[in-house]
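Peer 1:
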Amino acid sequence: MVKIEFLGPIEQESLEIEAKSLGDVANFLQNIDSVNSWLDRCAVAINSQMCNDLSKKLNSGDVVSILPPVCGG
Amino acid sequence: MELYQGSLDIKSIFNRWLDEERESNYGAFIPFIGTIRTEDNIEALSFDIYEPILESWFNSWVDRAEKRGAKVKMAHSIGDVPVHTSSYISAVFSPKRRVALEFIDEFVEDFKANAPIWKYDVVNGKRIYAKDRSTPMSGSGILAIKEDK
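What follows is the structure, given as structure tokens:
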């Protein structure tokens with residue numbers, strides 16, 4: 001199982017799904033209405049490392065973080 | 074990198090950083106301080122931080138500073154920060170002014186664009202995500218791509 005966590009203002013509890021790649025996570029999240037509207041403006045981290053490769057393989061226990069637009073300072 | 078709950082005690086952080094580098098032989102010290110302004114009836118700003126990625130983002134800038142003979146420091150608030158108090162301080166130390174002046178500009182701009190920090194206006198005690206002032210991080214949108222099956 002892969003854990004998906006939603007950071008900052010995205011009001012969605014963490015999810016655990018079966019996924020072999022980041023592409024599987026993308027397909028899964030595109031079917032959740034409350035999350036889908038955020039996806040075109042979100043970045044992704046896997047185990048706290050930024051990632052922008054949909055073919056990236058995932059292993060059981062990996063944590064995928066969804067990062068919406070930021071504004072520090 | 075330093076994170077604090079609520080407003081920063083800017084003066085004590087600033088003084089401590091000066092003391093830490095007193096003997097380091099840097100000729101230039103340039104701080105940047107972010108203070109919450111009164112605007113649109115807000116009482117405070119509030120911040121969420123994702124610390125693991127903030128840490129790795131900051132460490133990459135520490136390395137970039139080192140390569141230029143400089144040092145960078147940063148402190149940020151978590152949670153509510155009332156108006157007219159400060160939520161952010163960063164500073165660059167370098168042997169000569171030019172590196173520090175250029176570095177603080179690059180660092181603060183990338184901080185605004187890529188540090189995993191989320192800002193909310195606090196109005197009547199409620200947190201409202203500052204959506205219009207927020208910037209998608211590098212690589213955003215990848216999960217919206219539809220794969221051909």
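Heads up: the sequence lines are chains A and B, in that order.
Once you know that position 33 of the first sequence is 33 in the working numbering, the rest is easy, because the numbers rise by one and skip nothing.
Add 73 to a position in the second sequence, counting from 1, and you land on the number used in the working numbering.
Glycine included, C-beta positions come from ideal geometry on N, C-alpha and C.
#1: For Pro125(B), name the three-state secondary structure that DSSP assigns.
#2: Kindly give me the distance between the Cβ atoms of Ser21(A) and Leu58(A), rounded to whole angstroms, as I take these residues to be in contact under 8 Å.
#3: Taking just the CA atoms, how far does Ala138(B) sit from Glu179(B)?
#4: Give me the residue from Trp38(A), Ala19(A) and Ser48(A) with the minimum Cα distance to Leu54(A).
#5: Name the DSSP beta bridge partners of Val64(A), please?
#6: Compute the beta-carbon to beta-carbon distance between Ser160(B) and Leu76(B), rounded to the nearest angstrom, for a pair I have assumed lies under 8 Å.
#7: Starting from Asp40(A), find everything on chain B with Cβ-Cβ shorter than 7 Å and list it in chain order.
#8: If you count every other CB in all the chains shown that lies within 10 Å of the CB of Gly107(B), and 16 or more means buried, which is it?
#9: Using a beta-carbon distance below 9 Å, is Asn132(B) in contact with chain A?
#10: So is Ile109(B) buried or exposed if we call it buried at 16+ other beta carbons inside 10 Å?
#11: Please look up how many angstroms separate the CB atoms of Cys42(A) and Ser119(B), rounded, as I've assumed it's under 8 Å.
#12: So that I know if they touch, is there some Cβ in chain B lying closer than 9 Å to that of Ser65(A)?
#13: Can you grab the Cα-Cα spacing for the pair Ser97(B) / Ala173(B), in whole Å?
#14: Ser34(A) touches chain B at which residues, Cβ-Cβ below 7 Å?
#15: Does the beta-carbon distance from Phe131(B) to Val181(B) come in below 9 Å?
#16: Using a cut-off of 7 Å between C-beta atoms, extract the partners of Asn27(A) located in chain B.
#17: Assuming Gly23(A) contacts Phe184(B) under a Cβ cut-off of 8 Å, what Cβ separation, rounded to an integer in Å, is found between them?
#18: Would DSSP call Ile151(B) helix, strand or coil?
Peer 2: To lay it out plainly:
#1: Stepping through the second sequence from its first residue, residue 125(B) is reached at position 52. In this structure, Pro125(B) counts as helix in the three-state DSSP scheme.
#2: As a working mapping, residue 21(A) is identified with position 21 in the first sequence. As a working mapping, residue 58(A) is identified with position 58 in the first sequence. Rounded, the Cβ-Cβ distance is 6 Å, consistent with contact.
#3: Taking the second sequence and counting its residues from 1, one reaches residue 179(B) at position 106. Taking the second sequence and counting its residues from 1, one reaches residue 138(B) at position 65. About 11 Å.
#4: Translated into the one-based positions of the first sequence, residue 54(A) becomes position 54. Nearest option by C-alpha distance: Ala19(A).
#5: As a first step, residue 64(A) must be located in the first sequence, where it is residue number 64. Bridge partners of Val64(A) according to DSSP: Ile4(A) and Ile46(A).
#6: In the second sequence, counting from the first residue as 1, residue 160(B) sits at position 87. In the second sequence, counting from the first residue as 1, residue 76(B) sits at position 3. Contact doesn't hold; Cβ gap of about 11 Å is too wide.
#7: Here residue 40(A) is taken as the residue at index 40 of the first sequence, counted from 1. Simply Gly214 and Ala217.
#8: Counting from 1 along the second sequence, the entry for residue 107(B) is found at position 34. With 16 or more other Cβ atoms within 10 Å, it is buried.
#9: The count along the second sequence starts at 1 and reaches residue 132(B) at position 59. Any Cβ of chain A closer than 9 Å to the Cβ of Asn132(B) would place that residue at the interface, and such an atom is absent.
#10: For the purposes of this step, residue 109(B) is identified with residue 36 of the second sequence, where counting begins at 1. Buried, because 16 or more other Cβ atoms sit within 10 Å of the Cβ of Ile109(B).
#11: To locate residue 42(A), count along the first sequence from 1; it is residue 42. To locate residue 119(B), count along the second sequence from 1; it is residue 46. The pair is not a contact, with the Cβ atoms about 20 Å apart (cut-off 8 Å).
#12: In the first sequence, the residue the question calls residue 65(A) occupies position 65. Ser65(A) counts as touching chain B.
#13: For the purposes of this step, residue 97(B) is taken as the residue at position 24 of the second sequence. For the purposes of this step, residue 173(B) is taken as the residue at position 100 of the second sequence. Using only the alpha carbons, I get a separation of about 15 Å.
#14: Along the first sequence, one-based indexing puts residue 34(A) at 34. Residues of chain B whose Cβ lies closer than 7 Å to the Cβ of Ser34(A) do not exist; the shortest such Cβ separation is about 14 Å.
#15: If you number the second sequence from 1, residue 131(B) lands on position 58. If you number the second sequence from 1, residue 181(B) lands on position 108. Not a contact, by the Cβ cut-off of 9 Å.
#16: By one-based count along the first sequence, residue 27(A) stands at place 27. What Asn27(A) touches in chain B: Glu220.
#17: Position 23 of the first sequence, counting from 1, holds the residue named residue 23(A). Position 111 of the second sequence, counting from 1, holds the residue named residue 184(B). Rounded, the Cβ-Cβ distance is 31 Å, inconsistent with contact.
#18: Locating residue 151(B) in the second sequence gives position 78, where the first residue counts as 1. Strand, per DSSP.
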